[in-house]
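First the structure, in the form of structure tokens, and then the observations on it.
There are 2 protein chains.
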Amino acid sequence: MKKYATLKDIATALKISTATVSRALADRWDVNSETKKIVCDEARRQNYKPNPIAKRLQNRHSKTIGLVVPEFKTSFFPLIISGIQKVVDELGFQLLITQSQETMEIELRNLKLLENNMVEGILISISSEGENFDYYQGLIDSGIPIVFFNRVSSCIVAHKVIIDDYKLAFFATEHLIYSGFKKIFHFSGPDKLTVSKERRRGFLDAMKKHHLEITENTVMTAGVFSDKGYEAMKLLIQKNDVPDAIFCFNDPTALGALKAIKEVGLSCPDDVALVGFSETELAQLIDPPLTSVEQPSFEMGETAARLLIEQITEPSPPAAETVSLIARLNIRKSSINIHKQ
Amino acid sequence: MKKYATLKDIATALKISTATVSRALADRWDVNSETKKIVCDEARRQNYKPNPIAKRLQNRHSKTIGLVVPEFKTSFFPLIISGIQKVVDELGFQLLITQSQETMEIELRNLKLLENNMVEGILISISSEGENFDYYQGLIDSGIPIVFFNRVSSCIVAHKVIIDDYKLAFFATEHLIYSGFKKIFHFSGPDKLTVSKERRRGFLDAMKKHHLEITENTVMTAGVFSDKGYEAMKLLIQKNDVPDAIFCFNDPTALGALKAIKEVGLSCPDDVALVGFSETELAQLIDPPLTSVEQPSFEMGETAARLLIEQITEPSPPAAETVSLIARLNIRKSSINIHKQ
DNA sequence: TTGTACGCGTTATCAG
DNA sequence: CTGATAACGCGTACAA
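Read top to bottom, the protein sequences are chains A and B.
For the first sequence, our numbering begins at 1 and goes up steadily by one.
For the second sequence, our numbering begins at 1001 and goes up steadily by one.
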């Protein structure tokens, strides 16, 4: 193992004190320009690099924030990250990214990793398995602010950036209802996530408002990934209980359902209409183009990052606030009712 | 700003020495179980957390490696990251992820960021703008090994994990030729990337082998993003020089071209056939499904991570080696020649 | 202009 | 069993 060159190494090599070396390297005015030159040369010769860890031990601020997202296989989180990056760069901070892979365990490990690297604050969208409440709270208590976005913690007091999932789910469902579909199902997300609950609530309220029948299969838990949507759809086909339309928790789930639909020779939207959520790039490209709720992802990232850094830099940060951004339903071919025309 | 509780705080509160506190908290055998208990209680009371930075100042190893990728909007890099994560987790390391957004400047900033966090090694796929040679070499010289993957540096001696871009480009082009297309173009990637050069070389060699005409427009530089593919296609349409088929640098470029093709009422593959590269999830989902070269992304991540960690942990690491993984061409509808049937 | 000495928070060594 | 003390690498008052 190669040993680092330290200030001391340079000092002893040059037979001067470490203090002088330190000052020379910092290029300060109160040091002889000649010694300055000698020191710099020797530093280069020894391939000296200041040890950032030692520096931080005194400085106490790293100008770095951490991020934990569940995954970035879909384009949803990457878009948010772009927004975060922009603000972080603008404000002279740096960003460390981790992914929890939708598990609480890895999420916890990532939080600790970030903490170990002395981030000054954390942005997080929680895993679908549930929340590490205690740890969130512990971080906040120990002076590391957290801002939640998209998937937020229900019981921690902190800044949160979301959209109105309930309202959008309600809209999306009403869109299907107004299009003339009668037998409408919902593929729900993970039970523990607030977003899942909100979207399910929006769906059910819309169904109730229009007095549509709610049966045992009306709401099926399908999770976040496309294979779950595929399985759920397969199950319905097998049970011979195929609906006219399905409002899905997200785009991957809808795509999974679409795959199953096509496989058995059914057609979308003729036989089964589909609506997704949190529109990914794919929505517009697939066949048929998918109706989906478009979230202001980039803006969500910007807002969350700004709130976090504000909290870090402001001496008296504002009280915890929940910011709700505007989202909208993009109607495309997958939810057009051809029989109604 | 809340002040951290330190060992000293606990020590003074309990009127004992910091050494004892340290030992008690480390749960060592040579400390009275009663004092141990008292110390732990006081630690909890003061919400004490050990300062990892101070620890590292002596330990010198962080069990953490860093990653720099150009972007993760497409599913290509995320898949590689999954592979990396798997190995990193298995071997008890941790992973810090950064994205260069395809620019040299941010790449450099990220390298420094990782270095500042004392990563023990770095995995990188370089930005399309070019390479920070000097900095790569400096890192390696100062004892931080680097493993390149996918987009590798041409002039640094280090482990590299790639596929045979030349061969696959050659295959893909021959596939188009054997399908009966005559006027075949290539949308090339950024000029500075080795992968671009290799794929272009493969394309040109295949064209030459089969004595197909190469004109001024045959090779167009279109970059990495879909908008560039779109623009390039638009330009060809405008110039009234539309080919039978295009071999694109990657999937996004192909998708951009597809968009332009559809916009002017042309059809793929009837009017223009398309072949992509580094197959993303989308390839199978769009209309028409896109012929593309499938890279063993997950395996690439695994291999790169394994090589890096091996280099970190082995006392005498093996010489730099270039690993070439197996890739394959997946033929789909976008490159079927309907006129030939 | 340069050197001395101390602190950042922790662990390890060596006395007691 | 416990307490001083010396590192780890750097910055910086303070003294010379």
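Note that beta-carbon positions come from the ideal geometry of N, C-alpha and C, so glycine has one too.
Just so it is clear, the structure is predicted and the values come from calculations on it, not from any experiment.
Given a threshold of 16 other Cβ atoms within 10 Å of its Cβ, counted over all protein chains shown, does D1227/B qualify as buried or as exposed?
Result: exposed.
Any chance the CB of N1051/B is under 7 Å from a heavy atom of the ligand FMN?
The ligand FMN is not among the ligands present in this structure, which contains no ligands whatsoever.
Proximal residues of chain B, C-beta to C-beta of A222/A below 8 Å
Under the 8 Å cutoff, chain B gives no residues; its nearest Cβ is about 18 Å from A222/A.
Answer yes if the segment 1275-1282 of chain B comes into contact with the segment 1210-1217 of chain B, meaning at least three C-beta pairs across the two stretches below 8 Å, and no otherwise.
Inter-segment contact for the segment 1210-1217 of chain B and the segment 1275-1282 of chain B is absent: fewer than three beta-carbon pairs are separated by less than 8 Å.
Give every residue of the same chain whose Cβ lies closer than 6 Å to the Cβ of V21/A, excluding the five residues on either side of it in the sequence, and list them in chain order.
When the five nearest sequence neighbours on each side are left out, the beta carbons in the same chain lying within less than 6 Å of the beta carbon of V21/A are those of L7, I10, A11, V39, in order along the chain.
Who are the near neighbours of A13/A in its chain, counting only those whose CB is closer than 8 Å to its CB and skipping five residues on each side?
E42, Q46, listed in sequence order.
With a 10 Å radius around its C-beta and 16 neighbouring C-beta atoms as the bar for buried, classify G1066/B as buried or exposed.
G1066/B comes out buried.
Fully enclosed by the segment 83-137 of chain A, which alpha helix (DSSP H) runs are 4 residues long or longer?
Runs found: 104-116.
Which residues in chain B sit within 7 Å of S75/A, going by Cβ to Cβ distance?
For the C-beta of S75/A, the chain B residues within less than 7 Å are, from N- to C-terminus, K1073.
Quick one: residues in its chain with C-beta nearer than 6 Å to the C-beta of T1018/B, no 5 flanking neighbours on either side, listed in chain order?
Within the same chain, T1018/B has close Cβ partners L1007, K1008, A1011.
8 Å Cβ cutoff, Q94/A in contact with chain B:
Judged by the 8 Å Cβ criterion, Q94/A is in contact with chain B.
Near D1089/B, what residues of its chain come up, given a Cβ to Cβ distance below 7 Å and the 5 sequence neighbours on each side ignored?
Counting only Cβ-Cβ distances below 7 Å, and skipping sequence neighbours, we find nothing.
So, is the C-beta of I286/A closer than 8 Å to a C-beta in chain B?
For I286/A, the closest Cβ of chain B is nearer than 8 Å.
Indicate whether at least one CB of chain A lies closer than 8 Å to the CB of S1142/B.
So yes, S1142/B belongs to the interface.
Residue range of the alpha helix (DSSP H) that includes N330/A:
Note, N330/A: premise wrong, no alpha helix (DSSP H); beta strand (DSSP E) at 328-330.
Taking C-alpha atoms, which residue in T1173/B, Q1238/B, K1239/B lies nearest to M1207/B?
Answer by Cα proximity: T1173/B.
Look up K1239/B in the DSSP assignment and say whether it is helix, strand or coil.
Note: K1239/B maps to coil in three-state DSSP.
For I352/A versus Q295/A, is the C-beta distance shorter than 8 Å?
Summary: the structure shown does not reach residue 352/A, with chain A confined to residues 1 through 341, and so no result is reported for it.
Mind the definition here: the segment 1023-1030 of chain B touches the segment 1055-1062 of chain B only if three or more C-beta pairs lie below 8 Å; say whether that holds.
At 8 Å Cβ cutoff, the stretches do not touch.
Between the Cα of F1181/B and those of R1201/B, M1118/B, S1033/B, E1213/B, spot the shortest distance and give me the residue it belongs to.
Selected option, being the one with the closest Cα: E1213/B.
Using DSSP with H/G/I as helix, E/B as strand and the rest coil, what is V21/A?
In this structure, DSSP gives V21/A a helical state, which the three-state scheme calls helix.
Any beta-carbon of chain B closer than 8 Å to the one on I53/A?
By this cut-off, I53/A is an interface position.
Along the chain, which unbroken stretches of the alpha helix (DSSP H) at least 4 residues long are found entirely within the segment 1178-1241 of chain B?
Complete alpha helix (DSSP H) runs here, min 4: 1194-1209, 1226-1238.
When the cut-off is 8 Å and only beta carbons count, does P78/A lie next to chain B?
Interface annotation, P78/A: in contact with chain B, CB-CB separation under 8 Å.
Close Cβ partners of F1187/B (< 7 Å) along its chain, the five nearest in sequence each way excluded
Taking F1187/B as the centre and dropping the five residues before and after it, the same chain places the C-beta of M1220, A1222, G1229, A1232, I1246, C1248, F1249, T1253, A1257 closer than 7 Å to its C-beta, in chain order.
Can you tell me the Cα-Cα spacing of S154/A and I1312/B, whole angstroms?
The straight-line gap from Cα to Cα measures roughly 42 Å.
Go through its chain and collect everything with a Cβ distance to F225/A's Cβ below 7 Å, but skip five positions before and after it.
If we look at F225/A and ignore the five residues flanking it on each side, its Cβ neighbours are P252.
Cβ-Cβ separation, I106/A to Y136/A (assumed contact under 8 Å), whole Å:
Contact flag wrong, Cβ pair sits at about 15 Å.
What first and last residue would you give for the beta strand (DSSP E) that runs through E1294/B?
Following the DSSP letters along the chain, one finds E1294/B inside the beta strand (DSSP E) bounded by residues 1292-1294.
In chain order, what residues of the same chain lie with their CB nearer than 6 Å to the CB of F1171/B, ignoring the 5 residues before and after it?
Answer for F1171/B: L1329, listed in chain order.
Listed in chain order, which residues of the segment 107-118 of chain A have Cβ atoms closer than 7 Å to some Cβ of chain B?
Correct list: L113, N116, N117, M118.
Measuring CB to CB, does L91/A end up less than 8 Å from V119/A?
Result no, Cβ atoms of L91/A and V119/A do not sit closer than 8 Å.
Just the chain B side, please: which residues come within less than 9 Å of K49/A by C-beta, in chain order?
Those are E1115, G1138, S1142, listed as they occur along chain B.
Please state whether DSSP places C40/A in a helix, a strand or coil.
C40/A falls in the helix class under three-state DSSP.
Strictly below 7 Å CB to CB, what residues from chain A border L1282/B?
Residues of chain A passing the Cβ test: L282, L285.
Quick check on H1159/B: does DSSP put it in helix, strand or coil?
Residue state, collapsed to three classes: strand.
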